[in-house]
Amino acid sequence: MSETIKGGVHQSVAHESAHKHVSGQAEYLDDMAEPAGTLHAYLGLSTCAHGNITSIDLDAVRAADGVVDVLTEHDIPDTNDVSPTGLDDEPVFAKGMVHFYGQPIFAVIAKTREQARRAAHKADIKYDVFDAHLDVKSAEAAGGEMVTKPLKLKRGDPKPALEKAPMRIQGEMEIGGQDHFYLEGHIAMAIPGEDDEVTIFSSTQHPTEIQHMVGHVLGVPSNAVTVNVRRMGGGFGGKETQGSLFAAVAALAAKKHNRAVKIRPDRDDDMIATGKRHDFVASYDVGFDEQGKILAVDADFAARCGFSADLSGPVTDRALFHVDNCYYIPDVELRSKPLKTNTVSNTAFRGFGGPQGMIGGERIIEEIAYTLGKDPLEIRRTNFYGQEGENLTPYHQVVDDSIIERVVDELEESSDYQERRKAVLEFNKSNRILKRGISLTPVKFGISFTATWYNQAGALVHVYSDGSIQLNHGGTEMGQGLYTKVAQVVADEFQIDLSRIKVSATRTDKVPNTSATAASSGTDLNGMAAANAAQQIKQRLVDFAAEKYEVSADEVSFNNNHVVVGENRIAFDDFVKDAYMNRVQLSAAGFYKTPEIHWNRDEGKGKPFYYFAYGAAVSEVVIDTLTGEYFVERVDILHDVGRSINEAIDKGQVEGAFVQGMGWLTTEELWWSKEGQLKTHAPSTYKIPLASDRPRQFNVNLVNWSENKARTIRRSKAVGEPPFMLAISVLEALSMAVASVAEYKTCPRLDAPATPERVLMAVQRLKGA
Ligand code: MTE
Ligand code: HPA
Ligand code: MOS
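For the sequence shown, this note's numbering begins at 27 and goes up steadily by one.
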């Protein structure tokens, strides 16, 4: 049936805003018309990583051109805190003490943004400077204070299993962080209303949390705060919690001055004052046999969390959930260490800790392969989940949907992996300077929020009496195509063309109590909620038709922009008009919650994930052993999205995620001075992938036979984050190229990001060995 309508599910329709993105007509927050008299805020940031504030002189700030007000902790009517955990560890404005270089201390309110920005730099603040612990190593040396409770996952008993294992390796890996580098940075505008009311426009993945935080800071209930988000110019996890600060400052100033207030930091300040991907140090102890079968793993995953908890608890949990990747580990113990550091509080970033855990697990595979002199792919196959009695994860969830063997088999074939690996080995024998590497790595990623209550969603569908439809749901649009996919679901439910449906901005007064659009679950959750709303309206229409035409309900159907009632075929618009005239309710609120999942963190046991998404990639690289420079020559991907709702959008997600993952593992390096100042705070010093860095050949395919075993929306699978981890194949291909200089006898132990500098150092280290 869905072939007949335009834009139903399983059709590759364009993103609803694609034409507006490229023509510049898509309205981002900074493009919105500003109300008359709008004031502008700018943050004043600390220049000390850890210390007491001994004096604050803001006279020069106040005296600067255009300045209307300066706000500090003393101007906050209720709670000086925007911590998403409720731990009260993240003040809007520093409370007498600073915990990182770049922490907001005050905000200037001025007539123009430029005036506010210039004035903010005129503050004279003095500190009593304390020792600062900036990274994992120094935090551990100082006693290892944590921002939240660590997690332990345990199955079996790895200690004796490690002792008994025929072979054993211990090692350590440093895994770098990453800045989100969304095109649109953080921004918020607050418009005061009457009484305690305020409307917030925010670039956020989590409108409900913005609502709560603004409420806490102002001391008003949630019903006084309305948050509106039409779209973000990218979020990537960086806008799951980090928008609260900006929204709170705008709201505070707007209520105090009864004027609209807008705040938008420069890129530099956005990078300095908001959290990033956690960098980790993983230390592992692995036991295995001569065939490369893993027998036991004992590992620690220590993360630089920054000064407050933010999402570090669930991020470090998700890291542990992905150490096993596609492999069964008979005896295992994994521990997280969410360490407190005097740096900006790290946060969600595509994969949410999963990539860091998975790359640690994949390093273990490399160690075994180089020790045994085998192709890492062989070691991977030897350890795949799927064999009898070998399906239990370290968190005691059964892997019952693994398709990784078939995905890897098909990719191995289609990418011509074996022949190309032989050619790479040959090439490396006959070339002294340039060396090649090739690697095939798999991905298994758990879908669902590990915070179980987050796995719920609401939607609001209005059918207007002219037959046009307005769709609203709790998910936010950040470029990933969520609005398009959910609208396709609604078009499919009513069997009408997609062009009849308008998706309106996400608003807390339309759908309340929403979850962050995160964990790749946007379509799974909101697609189901929207389908549920549509089904309620359809049921009322069916009942109306059955009564009016005196037919049974099963003689009523929706077909190609018509409603078919017995022998009658009525245009959808006409039918809706008739239903309206007969007082049928044409609006419904839908709801969905993910079934089956449960998780007991204290015991480290449960079924945190409704299902897994799978994929695999083959990357081939060439390095210059004199300079460390390299190119990614070719990448082949086979990725599983179940039955795709929109292949064009899903493919775009796979491509984008891969390239973003590649950036994380190759060129994107964050660097802090010993005073704790982030020195890589602009594209001049922080290198994200350019168009010219993309793989020279890039073959991306979706698994066309996969259907989600779990009862997700139209049997599709989440796509946003899983393909990010396909980029691990690039790091391992680089690793192979490096290993070639020492006859592949030593695991190069390349840390991430494998910048040309690191590649060169690894080459020299191995040549010296
Ligand atoms: N794609 C684009 N274009 N922009 C983004 O900000 N965020 C990613 C992913 N894909 C992102 C993106 C992240 S971190 C997540 S969790 C998902 O999209 C969120 O959207 P979804 O749940 O609708 O897939
Ligand atoms: N993923 C992304 N965001 C989250 C999660 C998660 O598992 N839990 C809480 N916020
Ligand atoms: Mo994505 S890191 O879950 O916003």
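Backbone N, C-alpha and C define an ideal beta-carbon position, used for all residues, glycine too.
Determine, using beta carbons only, whether residue i and residue j come nearer to each other than 7 Å.
i, j, result
"residue 750", "residue 668", "no"
"residue 322", "residue 192", "no"
"residue 288", "residue 588", "no"
"residue 105", "residue 242", "yes"
"residue 429", "residue 637", "no"
"residue 146", "residue 68", "yes"
"residue 542", "residue 527", "no"
"residue 787", "residue 463", "no"
"residue 486", "residue 362", "no"
"residue 793", "residue 767", "yes"
"residue 290", "residue 213", "yes"
"residue 144", "residue 358", "no"
"residue 240", "residue 365", "no"
"residue 631", "residue 427", "no"
"residue 733", "residue 741", "yes"
"residue 188", "residue 311", "yes"
"residue 367", "residue 332", "yes"
Given a threshold of 16 other Cβ atoms within 10 Å of its Cβ, counted over all protein chains shown, does residue i qualify as buried or as exposed?
i, result
"residue 697", "exposed"
"residue 514", "buried"
"residue 718", "exposed"
"residue 551", "buried"
"residue 109", "buried"
"residue 679", "buried"
"residue 342", "buried"
"residue 529", "buried"
"residue 457", "exposed"
"residue 652", "exposed"
"residue 48", "exposed"
"residue 14", "A question about residue 14 goes unanswered here, because the residues of the chain that appear run from 27 up to 795."
"residue 71", "buried"
"residue 731", "exposed"
"residue 796", "Outside the displayed span of the chain (27 to 795) sits residue 796, for which this structure offers no information."
"residue 479", "exposed"
"residue 100", "exposed"
"residue 27", "The predicted model places residue 27 with a pLDDT of 44, which falls under 50 and marks its position as unreliable; any figure quoted below should be read in that light. With fewer than 16 Cβ atoms within 10 Å of its Cβ, residue 27 is classed as exposed."
"residue 595", "exposed"
"residue 711", "exposed"
"residue 783", "exposed"
"residue 18", "With the chain running from 27 to 795 in the structure shown, residue 18 is simply not present."
Using DSSP bridges, identify the partner residues of residue i.
i, result
"residue 202", "Note: residue 202 sits in no beta bridge, so no partner."
"residue 473", "637"
"residue 583", "590"
"residue 506", "For residue 506, which the question treats as bridged, DSSP gives no partner whatsoever."
"residue 172", "365"
"residue 664", "642 and 727"
"residue 193", "314"
"residue 418", "424"
"residue 410", "353"
"residue 527", "495"
"residue 466", "644"
"residue 215", "227 and 288"
"residue 443", "Its beta-bridge partners do not exist; DSSP assigns none."
"residue 597", "588"
"residue 613", "488"
When you measure from the CB of residue i to every non-hydrogen atom of ligand 5, does any distance come out below 6 Å?
i, result
"residue 376", "Ligand 5 is absent from the structure shown, which contains only ligand 1, ligand 2 and ligand 3."
_Residue ranges of each alpha helix (DSSP H) within the segment 50 to 137, 4 or longer_ = 85 to 89
*Which runs of the beta strand (DSSP E) spanning at least 3 residues fall entirely within the segment 688 to 751, listed in chain order?*
723 to 728
*Does the pairing of the segment 493 to 510 with the segment 650 to 659 give three or more beta-carbon distances under 8 Å?*
no
*Would you call the segment 253 to 264 and the segment 371 to 390 touching, i.e. three or more CB-CB distances under 8 Å?*
yes
_If contact is defined by three or more beta carbon pairs under 8 Å, each pair taking one atom from either stretch, is the segment 469 to 486 in contact with the segment 744 to 764?_
yes
*Cβ contact check for the segment 604 to 619 and the segment 565 to 574: 3 or more pairs under 8 Å*: yes
_Completely contained alpha helix (DSSP H) runs for the segment 272 to 304, where each covers 4 or more residues_ = 293 to 299
_Runs of 3 residues minimum, wholly inside the segment 378 to 403: which ones carry the beta strand (DSSP E) assignment?_
none
*asked:* My parser needs the alpha helix (DSSP H) runs of 4 or more residues fully inside the segment 219 to 264; what are they?
replied: 233 to 244
*Flag this pair as touching only if the segment 32 to 39 and the segment 199 to 213 have three or more C-beta atom pairs under 8 Å; answer yes or no.*
no
*Any chance the segment 617 to 628 sits against the segment 440 to 455, with 3 or more Cβ pairs inside 8 Å?*
no
*Hey, which unbroken runs of the beta strand (DSSP E) at 3 residues or more fall wholly within the segment 766 to 790?*
none
*Tell me, please, whether the segment 403 to 422 touches the segment 300 to 308 by the rule of three or more beta-carbon pairs shorter than 8 Å.*
no
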